[in-house]
Structure formats: structure tokens, C-alpha cells
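Beneath this line is the structure, given in C-alpha cells, with notes to follow.
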């Protein structure tokens with residue numbers, strides 16, 4: 010089985026954030042898919058310009074949490090990065106951990 014790329018993982022989280030109904034778990038709001046909960050409570054209203062192209066991108070924090078306790082957080086501007094083809098680095102997100110969590114969903 011081929012391992013997904015970080016950009017694919019980010020796009021998968023974005024699709025989940027835009028689909029389904031919002032659920033509440035442990036006082037946090039987000040979406041669930043199998044063993045993974047995407048906490049969108051940390052997304053803020055507002056935008057900042059992308060440092061690469063100037064497009065407006067979201068602010069705040071998205072946390073992807075597996076039922077076994079693993080979790081990873083990233084700024085929602087990465088949704089724009091993945092779509093626009095901007096580089097996503099280890100400073101932006103722990104890509105290996107995100108991919109491992111989503112592959113075990």
C-alpha cells in the first residue's frame with residue numbers, strides 16, 4: 010500500500026472539516042471519521058495573507074486526534090498550502106504523524 014503524501018493528508022482533513030455534521034466530544038467541536046476526531050474548535054474567525062502568494066488563508070488551530078491518544082495540530086492555512094502547491098515543512102506540521110493517524114482511521 011502506498012503511503013499518502015502530507016498534502017493529500019491535509020486535503021483529506023479539509024474535506025472532513027467541510028462534510029458531515031458537527032459533533033461535540035469532551036467539550037470540543039469537530040467532525041469524526043472512524044477512530045479519528047478532527048477538532049475544529051480552535052479555528053478562529055479571520056484571515057491572514059499567505060506569505061507565499063498573498064491569498065487570504067484561515068487562522069487558528071486544527072487538531073487531529075486518534076482514539077488511541079495520538080494527536081497532531083496545524084494551522085488551517087495549510088489547507089490553502091496543499092491546494093496551491095506551496096511547500097509544507099516539518100515546522101508547519103508533523104507530517105509523518107498526521108499520515109500515520111489518518112491511515113489508521
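In the numbering used here, the protein residues as written are 10 to 114. We put the CB at the ideal spot given by N, CA and C, even for glycine. This one's a predicted model, so the numbers in the text were calculated from it and none came from an experiment.
Exercise for the section: Tell me whether the beta-carbon of residue 72 lies closer than 7 Å to the beta-carbon of residue 110. Expected result: No, these two residues do not count as a Cβ contact at 7 Å.
Handout entry: Three-state secondary structure (DSSP) of residue 38
Key = It is a strand residue.
Problem - Exposed unless 16 or more other CB atoms sit within 10 angstroms - verdict on residue 65 - result: An exposed status is given to residue 65, since fewer than 16 other beta-carbon atoms sit within 10 Å of its beta-carbon.
Problem - 4 or more residues per run - each alpha helix (DSSP H) lying fully within the segment 71-106 - result: Considered as a whole, the segment 71-106 harbours 86-93 as its complete alpha helix (DSSP H) runs of no fewer than 4 residues, in chain order.
Practice task
Compute the Euclidean distance between the alpha carbons of residue 56 and residue 67, then round it to the nearest angstrom.
Solution key: Answer to the nearest angstrom: the Cα atoms are 5 Å apart.
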